[in-house]
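Since the structure comes first, as structure tokens, the remarks are kept for the end.
Numbering (my numbering), first residue to last: 20 to 280.
In structure tokens:
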């Protein structure tokens with residue numbers, strides 16, 4: 020049985036102002052958990068799930084939170100497994116090593132296209148810093164996952180994004196499909212894929228997977244991908260075994276929960 024997944028946004032503060040941000044991340048919320056309150060939450064998680072839990076620390080940008088390493092060390096000592104979800108720009112080699120030493124096992128980094136596309140969404144110069152951050156994580160011995168957000172602006176770059184994920188040594192590419200909410204609803208409300216684009220993209224993901232033995236490709240909320248997998252299985256084509264374990268249908272309230280700052 021897969022570990023119970025908890026997505027914990029430890030802060031709304033962020034060092035970027037990405038156009039598509041569902042959370043409209045910028046400054047911290049006025050009532051975010053203090054260090055002691057966060058410790059108490061970690062104790063509750065450990066008492067409830069034991070070592071059968073994986074906590075993804077996100078935001079905002081989690082590295083903006085000043086006590087992040089304290090929280091990771093505290094949870095690790097109590098048997099909690101931590102993953103970090105980051106935009107990557109603060110992931111220097113020393114920071115990556117500190118994360119590894121504190122107990123982080125894997126880092127999830129958002130790359131939304133090649134340089135021009137990524138920077139048009141996230142800010143000038145961000146792509147280069149993000150790629151450097153991914154390389155720093157690999158150099159520190161951390162696992163790496165790339166999680167692009169697919170939208171009209173980058174859907175045609177899907178293959179190149181997956182190529183880059185392989186070049187960086189990622190074990191997995193976990194694709195979001197853009198939904199206009201938060202800052203995204205205000206800045207790029209028309210960026211969601213049309214039905215035909217969506218259908219083309221999820222079929223493409225299957226075809227890409229058949230060509231990439233060293234990269235797992237999965238979606239986070241595209242239930243349509245299951246339809247593709249079912250049809251391919253019925254046609255006698257291979258379906259990756261990992262997908263049934265990694266994304267076993269909707270797990271909300273059953274195998275996954277989210278915690279706000």
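Every residue gets a Cβ at the ideal spot worked out from N, C-alpha and C, and that includes glycine. Note that the structure is a prediction, hence the values are computed from the model and not measured.
Chain-order list of residues whose beta-carbon lies under 6 Å from that of residue i (same chain, five-residue window excluded)
i           : result
residue 31  : 44, 47, 48, 79 and 280
residue 131 : 137, 140, 167, 168 and 173
residue 127 : 104, 164 and 166
residue 170 : 197 and 210
residue 243 : 221
residue 278 : 27
Local Cβ density within 10 Å of residue i, reported as buried at 16 or more and exposed below that
i           : result
residue 75  : buried
residue 214 : exposed
residue 173 : buried
residue 105 : buried
residue 36  : exposed
residue 230 : exposed
residue 246 : exposed
residue 73  : buried
residue 56  : exposed
residue 125 : buried
residue 152 : buried
Cβ neighbours of residue i in the same chain (closer than 8 Å, five flanking residues each side left out)
i           : result
residue 203 : 38, 39, 40, 41, 197 and 210
residue 87  : 29, 76 and 81
residue 248 : 225, 258 and 262
residue 227 : 177, 178, 181 and 236
residue 19  : Residue 19 is absent from the model: the chain starts at 20 and stops at 280.
residue 216 : 171 and 174
residue 52  : 29, 60 and 280
Beta strand (DSSP E) segment containing residue i, residue limits
i           : result
residue 40  : No beta strand (DSSP E) contains residue 40, which DSSP labels as neither H nor E.
residue 237 : 235-238
residue 103 : 100-105
residue 123 : 123-128
residue 26  : 23-28
residue 83  : That residue, residue 83, is in no beta strand (DSSP E); it is neither H nor E in DSSP.
residue 148 : No beta strand (DSSP E) contains residue 148, which is instead part of the alpha helix (DSSP H) from 145-158.
residue 218 : Per DSSP, residue 218 belongs to no beta strand (DSSP E); it is in the alpha helix (DSSP H), 214-229.
Within 8 Å, strictly: CB atoms of residue i and residue j
i           : j           : result
residue 239 : residue 194 : yes
residue 148 : residue 108 : yes
residue 98  : residue 70  : yes
residue 23  : residue 274 : yes
residue 218 : residue 208 : no
residue 54  : residue 89  : yes
residue 121 : residue 92  : yes
residue 25  : residue 212 : no
Within-8 Å CB hit, residue i to chain B
i          : result
residue 60 : The structure shown contains no chain B, having only a single protein chain.
Contacting residues, own chain, Cβ-Cβ under 7 Å from residue i (five flanking each side not counted)
i           : result
residue 188 : 157 and 163
residue 146 : 134, 137 and 138
residue 34  : 80, 83, 108 and 109
residue 154 : 187
residue 241 : 196 and 221
residue 252 : 258
residue 119 : 159, 160 and 161
residue 255 : none
Residue i: first and last residue of the uninterrupted alpha helix (DSSP H) it sits in
i           : result
residue 203 : 202-206
residue 251 : 243-253
residue 111 : Per DSSP, residue 111 belongs to no alpha helix (DSSP H) and is neither H nor E.
residue 135 : 134-141
residue 64  : 54-68
residue 181 : 177-186
Residue i: CB within 7 Å of a non-hydrogen atom of the ligand NAP
i          : result
residue 85 : As presented, the structure is devoid of all ligands, the ligand NAP included, so that no description of it is given.
Q: Check whether the region 145-164 touches the region 106-123, counting contact only when three or more Cβ pairs, one atom from each stretch, lie closer than 8 Å.
A: yes
Q: Report yes or no: do three or more beta-carbon pairs, one from the region 57-73 and one from the region 221-233, lie closer than 8 Å?
A: no
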